[in-house]
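> Mapping of the sequence shown onto our numbering: position 296 corresponds to residue 283, and the numbering continues sequentially without gaps.
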Amino acid sequence: MRRFILPLLPLAAGLACAGALQAGLWADPIVHARADVGTLLALVGLLASLLWAAGEGLWALAGRREREALARAQEAQAEAHRRFLRRLDHELKNPLTAIRAGLANVPAAAGDPVLTSVRGQVDRLARLTADLRKLAELEVQPLEEEKVDLAELLAELADVAADRPDSAARTLRISLPQAPWPLPHVVGDRDLLFLALHNLLDNALKYSRPGDTVEIRAFEDGATVAVEVADTGPGIADEDLAHLGEELYRGRAPSGIDGSGLGLALVRAIVGRHRGSVTIRSRLGRGTAVTLRLPVAR
């Protein structure tokens, strides 16, 4: 029995498992009694446990390496995306500056449709490059987090909207809860959250028609604060809804107003950085509602 057990002792100790199984560790025939079979079975069970544990360890290691490789690939993709946005901004900004300088030297001709169209396109490109720059910076810039009073932020947004020429032809309403308690605060970068909300309201005012209604509603929804910007405008086609928020995607605007395709992309990026979500509902001829949700400050 001793001759049988000794070669297998490394298994029980967890050392040199492979070496303990080499055929040359014993030369004499093994003579065993019935009790030796139980010992052998116990040692085989121990070996199986050790092999199972080793397999689980290797599986966990493989999983960790796969996750690390995926994270590296995602970061490389994100960096390539940022480089693309910065390059595109640079490529657009230089000729845009030259065009603006050239237009400044053109004598103003009242009602000239060509000059009016060119200046309008230059302004649109300027907004596009500005949004590209914001989107590229947003992915890497640190958030200046603080407790943000969304009710105060929305009141400030309404004051800004009231100064827009197109807001006079539309009814703008804001609904904020007062009972049984006011809207809770959120934690985030106040300037970025204002930009996200401003983009939503800007879209609602821009794509709605004179006489339409634009409403801003905010309410507590479980562990989040929801802010909804809704309008009674022309609505969005179902085939476009799935792509809204994709960079540079522009659907068929029933209002005939051209957009950059970056406004909602910025909203999604900002809300995503704040661990929130954005949902869009729309019906053609009825209107659109965009809802963003942000975690309540604890």
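Quick reminder that beta carbons are idealized off the backbone N, C-alpha and C, glycines included. Predicted, not measured: the structure shown is a model, and the values here were computed from it.
1. Just to confirm, are Val93 and Leu102 a CB contact at a threshold of 8 Å?
2. Provide the residue(s) that pair with Glu139 in DSSP beta bridges, ordered along the chain.
3. Could you round the C-beta distance between Arg157 and Leu192 to whole angstroms and report it? I think they count as a contact, below 8 Å.
4. Mind checking whether Leu253 and Lys121 have CB atoms under 8 Å apart?
5. Which of helix, strand or coil does DSSP assign to Asp153?
6. From which residue to which residue does the beta strand (DSSP E) around Gly259 run?
7. At 4 residues or longer, and completely inside the segment 202 to 228: list those alpha helix (DSSP H) runs for me, N to C.
8. Does the Cβ of Thr84 have 16 or more other Cβ atoms within 10 Å, making it buried, or fewer, making it exposed?
9. Considering only the beta carbon of each residue, do Ala213 and Arg280 sit closer than 8 Å?
10. Taking DSSP as the reference, what is the three-state secondary structure of Asp99?
11. Answer with buried or exposed for Val201, where buried requires no fewer than 16 other C-beta atoms within 10 angstroms of its C-beta.
12. Tell me, to the nearest whole angstrom, how far the beta carbon of Gly175 is from that of Leu130; I am working on the premise that it is less than 8 Å.
13. Using the Cα positions of Pro282 and Ala29, report the straight-line distance between them to the nearest angstrom.
14. When you compare the segment 139 to 151 with the segment 257 to 277, are there three or more beta-carbon pairs, one atom per stretch, that lie closer than 8 Å?
15. Quick check on Leu48: buried or exposed, where buried means 16 or more other Cβ atoms within 10 Å of its Cβ?
16. Buried or exposed, going by whether 16 or more other CB atoms sit within 10 Å of the CB of Arg255?
17. Let me know the secondary structure DSSP gives Arg160 once reduced to three states.
18. Buried or exposed: where does Leu188 fall if 16 or more other Cβ atoms within 10 Å of its Cβ makes it buried?
19. Considering only C-alpha positions, which residue in the set Gly222, Leu231, Val265, Asn190 is nearest to Gly274?
20. Considering only residues of the same chain and omitting the five flanking positions on each side of Glu215, which have a CB-CB separation below 6 Å?
21. In the DSSP assignment, find the alpha helix (DSSP H) that holds Asp303 and state where it starts and stops.
22. Assuming Leu290 and Arg106 form a contact by the criterion Cβ under 8 Å, report the distance between their Cβ atoms to the nearest whole angstrom.
23. Please state whether DSSP places Val93 in a helix, a strand or coil.
24. Quick one: using the 10 Å Cβ neighbour count with 16 as the cut-off for buried, is Ser162 buried or exposed?
Once the coordinates are examined:
1. What you label residue 93 is simply residue 106 of the sequence shown in a count that begins at 1. What you label residue 102 is simply residue 115 of the sequence shown in a count that begins at 1. Cβ atoms of Val93 and Leu102: closer than 8 Å.
2. By 1-based counting over the sequence shown, the position of residue 139 is 152. In DSSP, Glu139 forms no bridge with anything.
3. Residue mapping note: residue 157 aligns to position 170 of the sequence shown, counting from 1. Residue mapping note: residue 192 aligns to position 205 of the sequence shown, counting from 1. The pair is a contact, with the Cβ atoms about 6 Å apart (cut-off 8 Å).
4. Position 266 of the sequence shown, counting from 1, holds the residue named residue 253. Position 134 of the sequence shown, counting from 1, holds the residue named residue 121. Taking 8 Å as the Cβ cut-off, Leu253 and Lys121 qualify as a contacting pair.
5. Taking the first residue of the sequence shown as position 1, residue 153 is located at position 166. The three-state reading of DSSP puts Asp153 in helix, counting H, G and I together.
6. In the sequence shown, residue 259 corresponds to position 272, counting from 1. Careful: Gly259 lies outside any beta strand (DSSP E), inside the alpha helix (DSSP H) at 250 to 260.
7. Entirely contained in the segment 202 to 228, the alpha helix (DSSP H) runs reaching 4 residues are, in chain order, 225 to 228.
8. Residue mapping note: residue 84 aligns to position 97 of the sequence shown, counting from 1. Around the beta-carbon of Thr84, fewer than 16 other beta-carbon atoms lie within 10 Å, marking it exposed.
9. The count along the sequence shown starts at 1 and reaches residue 213 at position 226. The count along the sequence shown starts at 1 and reaches residue 280 at position 293. Contact flag set, yes.
10. Here residue 99 refers to the residue found at position 112 of the sequence shown. It is coil, neither helix nor strand.
11. Here residue 201 corresponds to residue number 214 of the sequence shown, with the count starting at 1. Under this definition Val201 is a buried residue.
12. For this step, residue 175 is matched to residue 188 along the sequence shown. For this step, residue 130 is matched to residue 143 along the sequence shown. Going by Cβ atoms, the distance from Gly175 to Leu130 rounds to 7 Å, so yes, they are a contact pair.
13. As a working mapping, residue 282 is identified with position 295 in the sequence shown. As a working mapping, residue 29 is identified with position 42 in the sequence shown. Rounded to the nearest angstrom, the two C-alpha atoms are 55 Å apart.
14. They do not touch, by the three-pair rule.
15. Walking along the sequence shown from the start, residue 48 turns up at place 61. With fewer than 16 other Cβ atoms within 10 Å, it is exposed.
16. Here residue 255 refers to the residue found at position 268 of the sequence shown. Its Cβ being crowded by 16 or more others within 10 Å, Arg255 is buried.
17. Stepping through the sequence shown from its first residue, residue 160 is reached at position 173. Under the three-state reduction of DSSP output, Arg160 falls in the strand class.
18. The count along the sequence shown starts at 1 and reaches residue 188 at position 201. Buried, since its Cβ has 16 or more Cβ neighbours within 10 Å.
19. Counting from one through the sequence shown, the residue named residue 274 turns up at place 287. Ranking Gly222, Leu231, Val265, Asn190 by Cα distance to Gly274 puts Gly222 first.
20. Counting from 1 along the sequence shown, the entry for residue 215 is found at position 228. Here Glu215 has Arg204, Ala276, Thr278 as same chain residues with Cβ atoms under 6 Å from its own Cβ, once five neighbours each way along the sequence are excluded.
21. Residue numbering for the chain in the displayed model covers -12 to 285; residue 303 lies beyond these limits and cannot be assessed.
22. A question about residue 290 goes unanswered here, because the residues of the chain that appear run from -12 up to 285.
23. Residue 93 sits at position 106 when you count from the first residue of the sequence shown. In the three-state DSSP reduction, Val93 falls in the coil class, being neither helix nor strand.
24. Residue mapping note: residue 162 aligns to position 175 of the sequence shown, counting from 1. By the neighbour-count rule (16 or more Cβ atoms within 10 Å), Ser162 is not buried but exposed.
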